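To start, the structure itself, in structure tokens.
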Amino acid sequence: MINKARKKPIEIEFIEYTDDTNIVDLYDWSNDQIELVFENDTLQKHLYVNTLEGDMLVNAGDYIIKGNNGEVYPCKPDIFHKTYEVTQ
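So the numbering used here is basically just the index in the sequence shown, starting at one, shifted up by 6.
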């Protein structure tokens, strides 16, 4: 028998990561679950989020979401806009 279910609505916190994002504020908000890494030769910065599935790269324009249990994970903009409705 095929059943159907609907996802329960939950409210999340999120930050859109841009070049202007304050890394110190993001670090505090994420409960130290992010890591900023600089390449030695180009000094290009890369932001990683430490998730349950391992370290995930965050690109400019991606959203960083904090779940109900305080877990933090990145989300691509197209998925974010299909999944979430901004309430503020």
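Here a beta-carbon is modelled for each residue, glycine too, at the ideal position from N, C-alpha and C. Only a predicted model underlies this, so the values are computations on that prediction, with no experimental measurement involved.
Around C81, the same chain offers D68, Y69 and I71 as residues with beta carbons nearer than 7 Å, after the five sequence neighbours per side are excluded. Under the three-state reduction of DSSP output, I18 falls in the coil class, being neither helix nor strand. Using a Cβ distance threshold of 8 Å, I29 and L42 count as a contacting pair. Of the residues assessed, I40 falls on the buried side of the cut-off, its CB having 16 or more other CB atoms within 10 angstroms.
The C-beta of L58 has fewer than 16 other C-beta atoms within 10 Å across all chains shown, which makes the residue exposed. Between the beta-carbon of I18 and that of G73 there is about 6 Å, and that keeps the pair under the 8 Å contact cut. Counting only residues of its own chain and dropping the five nearest sequence neighbours on each side, M62 has a CB closer than 6 Å to the CB of V55 and P80.
In this structure, DSSP gives D84 a helical state, which the three-state scheme calls helix. D61 carries a strand assignment under DSSP once its states are collapsed to helix, strand and coil.
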